[in-house]
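Structure first, commentary second.
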Amino acid sequence: MNVDTLINNSKPFLEYVLSWEAELPELLLKDIIEYPSSAAIVSVDVINGFCYEGALASPRVHAIINPIVDLFKQAHATGVDNIILMQDSHDADAMEFGAYPPHCVRGTAEVESVPEFQELDFYSDMVVIQKNSISSTVDTEFIKWLDNRPEVTTFIVVGDCTDLCTYQLAMGIHLRGTARNIRQRVILPADCVATYDMSVAAAKEFGAVPHDGDLLHHIFLYSMMLNGVEVVKTLK
Ligand SMILES: [Zn+2]
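Below, the structure is given as structure tokens:
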């Protein structure tokens with residue numbers, strides 16, 4: 006198949022995806038939270054290494070910091086104190102560096118939460134959990150955290166990258182619930198999620214793998230919806 010045929014054949018679908026996204030509902034925290042301890046916000050990889058410095062830092066990802074901070078503040082004011090920060094933290098010779106350039110090596114500033122999080126007066130109440138792959142639910146302490154809190158049935162997922170760690174996190178929570186027949190909601194506010202962009206030209210220059218930030222963001226938001234995650238425009 007050549008690219009023109011693919012684009013032409015897929016155009017109605019892509020138009021559908023964009024109109025679906027444009028019409029996503031806005032939800033209110035007070036309407037989705039039954040009681041504060043029944044809800045958790047799980048943020049993934051909102052750390053310096055994806056927002057400010059290092060091989061994988063991206064301005065697109067930096068742009069979701071403030072919307073997430075606003076969501077944290079509103080949720081905290083509503084009484085939600087389950088805020089989990091899933092964070093990349095790799096050994097210098099991590100296997101993951103076969104697929105991505107070295108990033109977020111333990112002991113560097115890249116693995117730290119962004120300063121905007123650390124400045125929050127309830128930052129010390131947040132639970133930081135490290136991960137060594139793009140999954141938050143394979144071999145991490147988050148599984149234990151979930152097992153110990155059966156009362157948490159509303160999960161709000163935010164962070165980066167839409168098609169990588171965010172997708173794995175939302176699907177990991179959702180599939181765990183499905184496999185166990187747990188009645189739960191996994192809600193993903195699209196304004197608190199982003200992925201990076203690496204154009205074909207830039208990738209050739211840097212010897213990297215191209216990554217279309219717009220296309221992959223939209224397709225993976227849609228894919229999460231298709232799989233049972235509640236994608237919404239924003240959560241106030
Ligand atoms: Zn990583």
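Here this note's numbering is used: position 35 in the sequence shown is 40, and no number is missing along the way. Even for Gly, the Cβ is constructed at its ideal location relative to N, Cα and C.
Leaving aside the five residues that flank GLU117 on each side, the residues in its chain whose CB is nearer than 7 Å to its CB run, in chain order, ILE52, ASN53. In this structure LYS136 is buried. Its beta-carbon is surrounded by 16 or more other beta-carbon atoms within 10 angstroms. Relative to the Cα of PRO194, the nearest Cα in the group ILE37, MET100, VAL163 belongs to VAL163. In this structure, the CA atom of ASP219 is about 12 Å from the CA atom of TYR227. In the three-state reduction of the DSSP assignment, LEU61 falls in the coil class, being assigned neither a helical nor a strand state. DSSP, read as helix, strand or coil, puts THR167 in coil. Bridge partners of ARG190 according to DSSP: THR159. Residue range 70-82 is occupied by the alpha helix (DSSP H) that includes ASP75, with no beta strand (DSSP E) assigned at that position. Annotation for GLU26: the continuous alpha helix (DSSP H) segment containing it runs 8-27. Looking at the DSSP output, LEU240 bridges to LEU32. For SER48, there is no enclosing alpha helix (DSSP H); the residue is found in the beta strand (DSSP E) stretching over 44-49.
Between LEU240 and LEU32, the beta carbon gap of about 5 Å places them in contact (Cβ cut-off 8 Å).
Taking the Cα of LEU221 as reference, the smallest distance to any Cα among MET6, ASN13, LEU23 is reached at LEU23. Distances from the CB of HIS108 to the heavy atoms of ligand 1 include at least one below 7 Å.
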